[in-house]
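Structure record follows, encoded as structure tokens.
Numbering (full-length UniProt numbering), first residue to last: 1 to 381.
In structure tokens:
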């Protein structure tokens, strides 16, 4: 009875994910890791027709790609996914030496709900046991972007809590099941019929239940059921944004961070405000991740073509150093540059620069510059 209820829960999720235009496509034909690799190979060949120039990948060449996607940690996978200027690529030495070496595009961060991006949902993927005395496992539901399982969902029926699904994922991690193509996962979702949580992937020992996050809507109302969570978080384009635009790679802690819902809502509201050229403020409580929100606001604003620079202002020198250090740790694997300002002359130089950057400075330095220019003393180089 319980198994039937869980399978029904799973079926309803897939039906919801595939409902509507430009949403997920159900791939009932994909049931093994080998099937996933074959599907991924088709995606990469479709998206690199010009580069391959009529010479499909050989078995040996595709093994090169598979080896590059065998990540030791989810942090390593996140760094690769961040890519070069937002494009994750793999390098292939062609078996025919006359064809040289090529770099193939896998995922483009900015191709949200368009471009080269494809969205598929699979379920009951059988993962082979890692050791002889282990068991084969079946993963509940995975969401594929360009053939890669970037979001993985484990479900429990009404007889069990979502915490049982969380513990199941931790068991899979300790058993070494999230390897191969599943080493690229960027987000876990656990749910029972009444409660849903999401969490950034980490090793089994580092993935702590206190990091499980429940979604809230833009009015700060809790979103608990999987149906509502799917509508607001797992639909296209939001799911793509969750794993490409609302993640932060922390190079100091060597970890992947998934933003909390209030941070995401703040970023989206600021971006919307820029369309109407209005001012505003983001209100966060102590310990809510203000620096992280500020970084993503500054970073996402710089994606707008009409914006040349974003300036983050702090009111103390010690905060200037602390914020700059945090911003640089977040930006190390991102597509933006962070400029710190040692003195007023340095600030003026960076403001005049044509580089598209995020500038971190103090209010004292900026006030001094504004007074200089107001007094017509700041026009000299």
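We treat Cβ as the ideally placed atom computed from N, Cα and C, and that holds for glycine.
Please report the residue range of the beta strand (DSSP E) in which residue i lies.
i	result
residue 124	119-127
residue 339	338-340
residue 206	Run containing residue 206: none; DSSP gives neither H nor E here.
residue 62	Segment 59-68 is the alpha helix (DSSP H) holding residue 62; no beta strand (DSSP E) there.
residue 143	137-145
So if DSSP puts residue i in a beta bridge, which residue, or which two residues, is it bridged to?
i	result
residue 28	For residue 28, which the question treats as bridged, DSSP gives no partner whatsoever.
residue 188	152, 199
residue 82	DSSP, once it has assigned bridges, lists no residue as partnering residue 82.
residue 105	89
residue 360	312, 340
Considering residue i, what are the terminal residues of the alpha helix (DSSP H) in which it resides?
i	result
residue 36	33-46
residue 345	344-352
residue 164	162-174
residue 371	363-374
residue 52	49-52
Report back the beta-carbon spacing between residue i and residue j to the nearest angstrom; my notes put them in contact at under 8 Å.
i	j	result
residue 104	residue 48	5 Å
residue 358	residue 339	7 Å
residue 137	residue 177	5 Å
residue 420	residue 179	Residue 420 lies beyond the range of the chain shown here (1 to 381); nothing can be said about it.
residue 60	residue 95	5 Å
residue 187	residue 172	Not a contact, Cβ separation roughly 15 Å.
Let me see if you follow: with CB-CB separation under 9 Å, is residue i close to chain B or not?
i	result
residue 173	No chain B is part of this structure, which consists of one protein chain only.
Taking one C-beta from the stretch 278-289 and one from the stretch 301-309 each time, how about it: are there three or more such pairs within less than 8 Å?
no
With a floor of 4 residues, list each alpha helix (DSSP H) that falls wholly inside the stretch 212-294, ordered by position along the chain.
226-229, 238-244, 261-275
Closer than 8 Å is the cut-off here; do at least three beta carbon pairs connect the stretch 191-203 with the stretch 222-233?
yes
Three or more C-beta pairs closer than 8 Å, one from the stretch 120-128 and one from the stretch 65-83: is that the case here?
no
Taking one C-beta from the stretch 87-100 and one from the stretch 210-217 each time, how about it: are there three or more such pairs within less than 8 Å?
no
Quick one: any contact between the stretch 16-34 and the stretch 159-172, if contact means 3 or more CB pairs under 8 Å?
no
Counting pairs of beta carbons, one from the stretch 288-306 and one from the stretch 346-355, are three or more of them closer than 8 Å?
no
So does the stretch 168-182 actually touch the stretch 226-241, counting three or more Cβ pairs closer than 8 Å?
Contact annotation: the stretch 168-182 does not touch the stretch 226-241, with fewer than three C-beta pairs closer than 8 Å.
Taking contact to mean at least 3 C-beta pairs separated by less than 8 Å, is the stretch 183-190 in contact with the stretch 47-61?
Contact between the stretch 183-190 and the stretch 47-61 is absent, because fewer than three Cβ pairs lie under 8 Å.
Examine the Cβ distances between the stretch 99-115 and the stretch 238-245 and report whether three or more of them are shorter than 8 Å.
Yes: at least three Cβ pairs fall under 8 Å.
Any chance the stretch 286-295 sits against the stretch 259-267, with 3 or more Cβ pairs inside 8 Å?
yes
Looking at C-beta atoms only, is the number of pairs between the stretch 363-371 and the stretch 322-330 that lie closer than 8 Å three or more?
no
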